[in-house]
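Residue numbers (my numbering): 49 to 396.
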């Protein structure tokens, strides 16, 4: 593997960072957060500002998402980012990597400018199923996408088919290990009852609370509550042998392995991880834009359902349990990883 390469992500979305980490571990390459190359207040704006807007001002986020599809707006934002991330430009100019692998669109325009100075290859990993025009630029050498749906979107947006590899989103190594479900259940402290894994977001809290109150006699529940202190207080006050909860769980693939269904919002990487593990998804909420596309793709595949109210949980489980989707689907990241490796080795 050519060591004169760098992986770049932006920490304003968990999926971008996790995909970069998976690549870094697989290929033993350094990864950097582009937001570390700007002013602290800009980094805070891009991380906290994004979360605040999608949580409390979703209508503004929807408007911004639509406006940002305009070519003049994209060019303007790219030029602003070029100024804000000037230190990243200098970093690339100094290190002159032969390959730049990105899991977020922020670096693309900057790499385009860098390509005017020296020869480098830009490899783009799209971590959503839908594609925003921000990802599209002729300077990109290869796009790696989750599935054929994304490949078709890129092609319809004018990207040459020879540049597109529909080979999956990079997965962490733990997802590919054979699971010892009996050991995991014993470790977590759950019996053999059907288990549902729930990922919390502020918009999904009421769903989780309602589901636990009404159905904990029928199912085991594992809850990842993150920084939701209100949900944690509810869980503390309603302790139940059928309910296990954690703020974070590093080896999350273990929890997926012992779960029959995953309740979540449709982040691109989360959807792909569930498809890889062949776990039906129940979506309680979504961020308008890319997550809506991710959700629609999973629903159209027969691998998920949008269920905003906990009262419909059992009905959704019945529908998904009878789905034949996973019998005809095969999702993994082996093609992406092997093609990436061959590109870098052959050209390095």
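Note that CB positions come from ideal geometry on N, CA and C, so glycine has one too.
- Under the three-pair Cβ rule at 8 Å, the region 119-139 does not count as touching the region 339-355.
- For the options 137, 153, 301 and 383, the alpha carbon positioned closest to that of residue 164 is the one of 137.
- In this model, residue 359 and residue 255 are separated by some 9 Å (Cα to Cα).
- Non-local C-beta neighbours of residue 259 in its own chain, meaning closer than 6 Å and more than five positions away in sequence, comprise 358 and 361, ordered along the chain.
- Annotation for residue 143: the continuous alpha helix (DSSP H) segment containing it runs 134-143.
- With fewer than 16 other beta carbons inside 10 angstroms of its own, residue 278 counts as exposed.
- Per the DSSP secondary-structure output, residue 247 pairs in a beta bridge with 272.
- Residue 54 is not a Cβ neighbour of residue 162, given a cutoff of 7 Å.
- Boundaries of the beta strand (DSSP E) around residue 352: 352-354.
- Nearest neighbour of residue 289 by Cα position, chosen from 248, 325 and 243, turns out to be 243.
- Judged by DSSP in its simplified three-state form, residue 94 adopts helix.
- Judged by their CB atoms, residue 109 and residue 153 are not nearer to each other than the 7 Å cut-off.
- In the three-state reduction of the DSSP assignment, residue 207 falls in the coil class.
- Taking the Cα positions, residue 141 is about 41 Å away from residue 325.
- With 16 or more other CB atoms across the displayed protein chains lying within 10 angstroms of its CB, residue 307 is buried.
- Under the three-state reduction of DSSP, residue 147 is assigned to strand.
- Along the region 296-340, the alpha helix (DSSP H) occurs as fully enclosed runs of 4 or more residues at 300-305 and 316-325, listed in sequence order.
- In the structure shown, the three-state DSSP call for residue 294 is strand.
- Between residue 68 and residue 217, the C-beta gap is not smaller than 7 Å, which leaves the two residues out of contact.
- Counting the other Cβ atoms within 10 Å of the Cβ of residue 351 gives 16 or more, which makes it buried.
- Residue pairing by DSSP places residue 56 opposite 80 and 150 in a beta bridge.
- With respect to the 7 Å criterion, residue 56 and residue 155 are classified as neighbours on the basis of their beta carbons.
- 7 Å or more divides the Cβ of residue 213 from the Cβ of residue 198.
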